[in-house]
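S.K.: This is the structure, below, for whatever I ask next.
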Amino acid sequence: MSTVQGGNPRTPAPRRRHLMDPNAPRKKPDPEAVKRLETVQRRVISAIIITTILHMTGGLILAADHVNTDRIDAQIGLNVIGAAFAVGGIAGVLALNRRPMLSWWLLLGVVPGIIGTWWVLT
12 MSTVQGGNPR TPAPRRRHLM DPNAPRKKPD PEAVKRLETV QRRVISAIII
62 TTILHMTGGL ILAADHVNTD RIDAQIGLNV IGAAFAVGGI AGVLALNRRP
112 MLSWWLLLGV VPGIIGTWWV LT
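So the sequence shown is numbered by our numbering: it starts at 12 and just counts up by one.
So this is what it looks like as structure tokens:
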């Protein structure tokens, strides 16, 4: 039997608040609130994915700019890899948000590769 230190041995210890109380079960979550929460979570992770992929693509474009000018194949290859990552990131965001995978948004992923190739070759 648990007792409070220095208290009456027959008096039970007070219930700790962080433990589950079987006399007061938790309420079921509101489906509307759960849906709103999931929407916000998807939007936040989408923003994180796009930001990460754009930084990675930009890094590959900068790496292509620092490659020797006699290695045009490596410069173009790095830009193609960057564009592929951008397209993959956009496709991931579309899948996460339950949108059709074939979308005009995928063309946006090719834009950094085109701009990077133009920048490296000029």
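Note that CB positions come from ideal geometry on N, CA and C, so glycine has one too.
Under 7 Å from any heavy atom of the ligand NAD, does the C-beta of Arg54 make it?
M.R.: The ligand NAD is absent from the structure shown, which contains no ligands of any kind.
S.K.: Return the residue from the list Ile101, Ala75, Ala106, Ala102 that minimises the CA-CA distance to Val91.
M.R.: Taking only the C-alpha atoms, the option nearest Val91 is Ala75.
S.K.: Look at the Cβ atom of Ala106, then the Cβ atom of Leu117, and state whether they are nearer than 8 Å.
M.R.: No, the Cβ-Cβ distance between Ala106 and Leu117 is not below 8 Å.
S.K.: Ile72 and Gly120 look like a contact to me (Cβ under 8 Å); what is the Cβ gap, rounded to whole Å?
M.R.: Actually they do not touch by this definition, with Cβ atoms about 13 Å apart.
S.K.: By Cβ distance, which residues of its chain are closer than 8 Å to Trp130, with the 5 residues on each side in sequence left out?
M.R.: Cβ neighbours of Trp130 beyond the five flanking positions: Ile72, Asp76.
S.K.: In this structure, does DSSP put Val55 in helix, strand or coil?
M.R.: The answer is helix: DSSP assigns Val55 an H, G or I state.
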